[in-house]
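Colleague: Chains as they are written, first to last, in this note's numbering: chain A, -17 to 305; chain B, -17 to 305. Don't be surprised by glycine CBs; every beta carbon is placed ideally from N, CA and C.
2 protein chains.
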Amino acid sequence: MTLLDRFLAGDRLALARMISHVEDRLPRYHEALARIFARGRGAYRVGLTGPPGAGKSSLVNRLAHKLATDGLSVGVIAVDPTSPFTGGAVLGDRVRMQALYGLPNVFVRSMATRGSPGGLAAATKDVSVLLEGFGFDIILVETVGVGQVELDVAAVCDTVVVVFVPESGDSIQAMKSGLMEIADVFCINKADRPGAERVEAELQSVLDVRRDVHRPRSGAEDAPVWEPLVVPTVAIHDTGIDALWEAARRHQEFHNASDPNGHRRQRARSDLMLSLSELVRTRLENEVFDSGVLDRAVEEILDGKADPYTLAQELFGRWRTGG
Amino acid sequence: MTLLDRFLAGDRLALARMISHVEDRLPRYHEALARIFARGRGAYRVGLTGPPGAGKSSLVNRLAHKLATDGLSVGVIAVDPTSPFTGGAVLGDRVRMQALYGLPNVFVRSMATRGSPGGLAAATKDVSVLLEGFGFDIILVETVGVGQVELDVAAVCDTVVVVFVPESGDSIQAMKSGLMEIADVFCINKADRPGAERVEAELQSVLDVRRDVHRPRSGAEDAPVWEPLVVPTVAIHDTGIDALWEAARRHQEFHNASDPNGHRRQRARSDLMLSLSELVRTRLENEVFDSGVLDRAVEEILDGKADPYTLAQELFGRWRTGG
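#1: As an exercise, report each continuous beta strand (DSSP E) stretch of at least 3 residues that is fully enclosed by the stretch 207 to 246 of chain B, in chain order.
#2: Expressed to the nearest angstrom, what Euclidean distance is found between the alpha-carbon atoms of residue 55(A) and residue 114(A)?
#3: Among residues of its own chain, excluding the 5 on either side of residue 61(B), which ones have a beta-carbon nearer than 7 Å to its beta-carbon?
#4: For the putative contact between residue 31(A) and residue 213(A), defined by C-beta atoms under 8 Å, what is the C-beta separation to the nearest angstrom?
#5: Residue 206(B) to residue 50(B), Cα distance in whole Å?
#6: So within the stretch 25 to 67 of chain A, which uninterrupted beta strand (DSSP E) runs reach at least 3 residues, ignoring any that extend past its ends?
#7: Who are the neighbours of residue 10(B) on chain A, taking C-beta pairs under 9 Å?
#8: Pull out every residue of the stretch 282 to 295 of chain A whose Cβ sits closer than 8 Å to any Cβ of chain B, in chain order.
#9: What span of residues does the alpha helix (DSSP H) with residue -5(B) cover, start to end?
#10: Kindly indicate the opening and closing residues of the beta strand (DSSP E) around residue 146(A).
#11: Could you tell me if residue 233(A) is buried or exposed, where buried requires 16 or more neighbouring beta carbons within 10 angstroms of its beta carbon?
#12: Please classify residue 187(A): is it buried, with 16 or more other beta-carbons within 10 angstroms of its beta-carbon, or exposed?
#13: Within 8 Å, do at least three Cβ pairs link the stretch 290 to 301 of chain A to the stretch 253 to 265 of chain B?
#14: Count Cβ pairs between the stretch 42 to 49 of chain B and the stretch 216 to 231 of chain B that sit closer than 8 Å; are there 3 or more?
#15: Secondary structure at residue 162(B), three-state DSSP: helix, strand or coil?
#16: The beta strand (DSSP E) that contains residue 125(A), what's its start and end?
#17: Can you pull the DSSP bridge partners for residue 150(B)?
#18: Of the residues 283(B), 35(B) and 53(B), which one's Cα is nearest the Cα of residue 87(B)?
#19: Nearest to residue 244(B) by alpha carbon, out of 280(A), 228(A) and 227(A)?
#20: Since I believe residue 209(B) is in contact with residue 193(B) (beta carbons under 8 Å), could you give me their beta-carbon distance rounded to a whole number of angstroms?
#21: Kindly indicate which three-state DSSP category residue 10(A) falls into: helix, strand or coil?
#22: Taking residue 167(A) as part of the beta strand (DSSP E), name the residues at either end of that continuous run.
#23: Are residue 121(B) and residue 22(B) close, meaning C-beta to C-beta below 8 Å?
#24: How would you write the range of the alpha helix (DSSP H) that residue 270(B) sits in, first residue to last?
#25: Please confirm whether residue 257(B) has its beta-carbon closer than 8 Å to some beta-carbon of chain A.
#26: Any residues in the stretch -2 to 28 of chain B with a beta carbon nearer than 7 Å to a beta carbon of chain A? Which ones, in chain order?
#27: What is the C-beta distance between residue 290(B) and residue 19(A), in whole angstroms, given that I count them as a contact (C-beta under 8 Å)?
#28: Can you check whether the CB of residue 171(B) is closer than 8 Å to the CB of residue 29(B)?
#29: Throw me the rounded Cβ distance for the residue 91(A) and residue 59(A) pair, which I believe falls under 8 Å.
#30: DSSP state of residue 255(B), grouped into three classes?
#31: Would residue -2(A) pass as a contact of residue -12(A) if the rule is Cβ separation under 8 Å?
#32: Applying the criterion that 16 or more other CB atoms from any shown protein chain within 10 Å of the CB defines a buried residue, is residue 285(A) buried or exposed?
#33: I think residue 39(B) touches residue 218(B), with their Cβ atoms under 8 Å apart; what is that distance to the nearest whole Å?
#34: Bridge partners for residue 89(A) per DSSP, in chain order?
#35: So that I know if they touch, is there some Cβ in chain B lying closer than 8 Å to that of residue 270(A)?
This is the structure we're talking about:
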């Protein structure tokens, strides 16, 4: 029985090993993914992102418990693209996530950057495909909010929850549009702390400004626009978790009702671009970076015979036409 | 007179515009870079990285002042790959950097992620090449410490200073090897705060462990290994800046004395890989992502006729052989 057979038969160990294969980009991982993709029933993917210390792991933990109690199976992907500087905190998060490991219909997987950060979003998407093909109903993707990676990872989800805490006031004012664009639901966690109302009001005023800017001009028959919801929670006291999930589901239903094809099209497009980028990167590494061709070009630069810009053009031309 | 001519004649406005051209990847930016690369005398590139709030901008500010006073010309590149969440703090940093703008032999440029984070290291390297070709003696590259980007950016520098503060104790224990490997000098800034000695001791013990692990086996005739220096500073009081620079220069001299070709080779290799990756990414975007080919493939996925993994292989094959 092959690994794929065991995976398709519902063997959890095979799932874990298949994930490792995909993360490590072992030979023929594409073929397995292609077969598993065809089986996927389209799980509902919810991404949670936010600054370190916002309590994302606790939220994911509570959400997974709630969903499992409701009879749903849940795959959790905890993505860690963070700096070495914050390693300690994230490690602590992982320990807290242990609480989920015992549940029979919950599967938890941590992923870290291996090599390039560009590969992390692709790997997250691929692991989601594996979890979907394995039969999970819901996939929760947790990402620490750092730079482009969080935006990329969020792009592979159906609904994105951006988590703030009462202390995040300044960050909300400074929030760049990239994050604003991806947020479908805002969660203010640790909402029993001072400042929660102020942060909620600030968020709401940012959302109001945004709604005015994006308001369809009179007479225009534009598609209805989703207006992000703001939900306060206290994850460690299990407060607001139902409301948070309800907000996420309302976003999903809105999309399903208003423009189901647009959403599916966008996801298919980003899936394809991620897969192609990843393929190109892998091939370039194997065929040029790890080859004598690069060594010889480097010597030309050292000898002053060529510059890296002209050489890059030449190497690209040769790689593309002949390998 | 072309922009390149004006650049080569020492026109600062032409430098600023050339940087924008390179950042925006305008047509033929490769040709300009190739010509300017050939003129570069190899400035000394020092990277400073560390967690938000460590005072990197103040350090860079003081270093630039010191070097300018010593009669050296200094190009500063402030790289900002950070999350939307920390936008506010970084904006404040930029305001503080204004103090440098008036100095005649100092040039400051801020860079942010445009599009993919992978492009940021390449752009930083290219802007360094422009500054070198323009004639700057020293290039200071400041990066906020977030994920892989800081490692990539650091890789384009000759000497890397990792900045901590007395509050960083836990981070030092959790510091991953990637950061440890790139650090040539450790700076403990805000060293007048409580805990500075403890952090210095912790760092030193980490370095001791590392030295024991890497110690050449008896009898082995390995090249001498650089042992990172630890320098306390209080940037806002201009304390320790000379010592920090001295430590960086000692690292540079060590490399020049022990293995000058090895260092140059490593830089040429990473320059070439960055240029090639950037070229491939740009071509893939223009020729596939922004084309009808991708649209048609997306429809095939939506119609259930194909999966993104198989399609990615097909698109790659077609792109590579024909465009």
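Modeller: On the basis of the coordinates in this document:
#1: 211 to 214
#2: 10 Å
#3: 93, 102, 106, 123, 124, 125 and 135
#4: The Cβ separation is near 15 Å, so there is no contact.
#5: 33 Å
#6: 26 to 32 and 56 to 62
#7: Correct list: empty, because the minimum Cβ distance to chain A is about 11 Å.
#8: 283, 284, 289, 290, 291, 292, 293, 294 and 295
#9: -6 to 5
#10: 141 to 146
#11: buried
#12: exposed
#13: yes
#14: yes
#15: helix
#16: 120 to 126
#17: Answer by DSSP bridge pairing: none, since residue 150(B) is not bridged.
#18: 53(B)
#19: 280(A)
#20: 6 Å
#21: coil
#22: 167 to 170
#23: no
#24: Neither: residue 270(B) is in no alpha helix (DSSP H) and is coded neither H nor E.
#25: yes
#26: 12, 15, 16, 19 and 20
#27: 7 Å
#28: no
#29: 5 Å
#30: helix
#31: no
#32: exposed
#33: About 11 Å separates the two Cβ atoms, so there is no contact after all.
#34: 57(A)
#35: yes
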